[in-house]
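In my numbering, the protein residues as written are 51 to 489.
First up is the structure itself, then whatever we jot down about it.
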């Protein structure tokens with residue numbers, strides 16, 4: 051892999067907001083190269099490959115090719131009538147109409163003869179001439195004949211109240227009209243969105259290709275869960291943590307851990323994974339230790355390392371490296387190795403940018419201003435992020451301490467509390483900014 055001339059293994063200082071802007075700028079060019087994929091819309095495909103449709107975002111506007119509903123139809127089981135023929139109906143003087151032919155869902159559109167009422171089922175096409183539906187419960191008799199049961203001998207149905215014109219009628223195009231915007235580009239596809247696409251008869255949909263992330267958790271000590279640990283070894287949780295976080299941000303992930311402190315091995319992984327990646331995220335190896343594999347391997351390639359005034363997650367890095375298939379450089383973002391530090395770093399710097407690139411309308415976490423349930427101290431020179439839960443009464447209760455290894459407390463949390471630079475201390479009852487993370 052060709053090496054630029056500069057060496058960025060030196061660590062600089064950076065404000066939190068400045069680093070976030072730098073990450074957004076690094077990732078912004080990815081928006082210009084987003085490929086479009088065409089997915090079939092069918093129940094069989096959706097059921098057979100659910101992950102293919104999860105967290106997908108429309109690439110282009112969809113215009114409805116048809117009216118929805120495609121024809122006037124009944125909202126209720128009852129009788130299709132001309133409302134004007136029942137204006138005098140009252141409990142003491144019922145209106146009587148001859149029963150016409152029954153209309154079921156899927157039948158062709160019929161015509162209602164004057165002076166008649168047609169039994170009609172929910173979703174069945176409204177006959178020409180009818181402008182209202184009287185629910186069966188309001189008719190006399192108030193039920194249809196069951197199988198094998200004879201209808202009234204005189205073939206008459208009675209009504210004791212006048213229906214309003216258009217009552218219980220679903221008009222053609224009342225949901226969406228042919229040529230109307232059905233769904234806008236940037237819409238995230240869920241059950242209702244896929245359903246309305248299918249309802250129009252469309253068989254395919256164009257979506258943005260997901261951002262492809264090469265995720266590299268590093269460390270001589272990390273091992274795959276399920277294997278036997280030797281003394282000094284730990285299971286790799288960062289790959290699981292960030293893989294799921296990336297997937298929920300609309301990405302596809304290749305997790306390729308580097309279980310070595312050898313810079314050459316890390317460079318080999320980057321080189322092999324680069325052709326099918328849009329972004330590389332590394333975890334660990336960016337602090338000020340004697341052996342920092344990410345800093346040692348990627349610093350000479352142009353990745354810049356800094357210490358952001360944040361806790362947890364101070365050590366950060368970002369830059370472009372030369373790689374096959376990336377004429378303008380392959381973006382690299384580096385996180386510290388403690389699991390909480392890595393996940394907080396993702397939340398603060400990368401998640402909003404990736405969701406924006408994926409086309410999500412909502413890219414940021416919901417921000418609330420809520421009172422603390424207890425007092426808290428924080429380093430005045432850093433932006434501290436604490437794990438928390440929100441009580442039923444709206445108080446924010448901290449979960450666990452500030453240490454960056456406390457992943458269990460993160461798993462038990464529903465919110466992140468932000469204690470800004472300069473705060474130092476907040477009393478119980480003081481309002482703080484809170485991000486909800488339980489969506």
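Glycine included, every Cβ here is placed at the ideal spot set by N, Cα and C.
The structure displayed is predicted, hence computed values, not measured ones.
- In this structure, the beta-carbon distance from residue 220 to residue 115 does not fall below 9 Å.
- The segment 80-93 and the segment 253-267 touch, with three or more beta-carbon pairs separated by less than 8 Å.
- Take the alpha-carbon of residue 314 and the one of residue 323: they are about 14 Å apart.
- If only uninterrupted alpha helix (DSSP H) runs of at least 4 residues are considered, those enclosed by the segment 207-275 are 241-249.
- Boundaries for residue 158: no alpha helix (DSSP H) harbours it, and the DSSP string shows neither H nor E there.
- Spatial neighbours of residue 102 in its own chain (CB-CB distance under 7 Å, excluding positions within 5 residues in sequence) are listed in chain order as 89.
- Distance check between residue 480 and each of 327, 450, 427 and 308 places 427 closest, using alpha-carbon atoms only.
- Our two residues, residue 327 and residue 266, have alpha carbons roughly 12 Å apart in a direct line.
- The beta-carbon separation of residue 210 and residue 139, rounded to 6 Å, stays under the 8 Å limit for a contact.
- Just so you know, the alpha carbons of residue 175 and residue 137 end up roughly 23 Å apart.
- DSSP places residue 293 in the uninterrupted alpha helix (DSSP H) bounded by 288-298.
- Scanning its chain for C-beta atoms nearer than 8 Å, with the 5 sequence neighbours on each side dropped, one finds around residue 466 the residues 394, 397, 415, 435, 436, 437, 438, 484, 485 and 487, in chain order.
- Taking C-beta atoms under 8 Å as the contact rule, residue 408 and residue 300 qualify, at a distance of about 3 Å.
- In this structure residue 333 is not in contact with residue 353, their Cβ atoms being roughly 14 Å apart against a cut-off of 8 Å.
- Taken through DSSP and simplified to helix, strand or coil, residue 372 comes out as strand.
- With 16 or more neighbouring CB atoms inside 10 Å of its own CB, residue 128 falls in the buried class.
- Between residue 392 and residue 349, the gap from beta carbon to beta carbon reaches 9 Å or more.
- By the neighbour-count criterion, in which 16 or more other beta carbons inside 10 Å mark a residue as buried, residue 154 falls on the exposed side.
- When beta bridges are read from the DSSP output, residue 360 appears opposite 433.
- In the three-state reduction of the DSSP assignment, residue 446 falls in the strand class, which pools E and B.
- Partner residues in the beta bridge of residue 354, as assigned by DSSP, are 368.
- At a Cβ-Cβ threshold of 9 Å, residue 222 and residue 157 do not count as neighbours.
- In the DSSP assignment, residue 389 falls within the unbroken alpha helix (DSSP H) covering 389-395.
- Bounds of any alpha helix (DSSP H) do not take in residue 473, whose DSSP letter is neither H nor E.
- According to DSSP, residue pairing for residue 108 in a beta bridge involves 257.
- From the listed residues 447, 425, 440 and 464, the smallest Cα separation to residue 475 is found for 425.
- Annotated as distal: residue 167 and residue 160, with beta-carbon spacing of 9 Å or more.
- Beta bridge pairing from DSSP links residue 147 with 207.
- Taking the Cα positions, residue 106 is about 28 Å away from residue 373.
- Note on geometry: alpha-carbon atoms of residue 337 and residue 366 lie some 8 Å from one another.
- A residue is called buried when at least 16 other Cβ atoms come within 10 angstroms of its Cβ; residue 95 does not meet this threshold and is exposed.
- Checking the DSSP bridge columns, you'll see residue 128 partnered with 170 and 185.
- Residue 421 places its beta carbon 9 Å or farther from that of residue 457.
- Looking only at 460, 431 and 357, the smallest Cα-Cα distance to residue 473 is reached by 431.
- Within 10 angstroms of the beta-carbon of residue 286 lie 16 or more other beta-carbons, which makes it buried.
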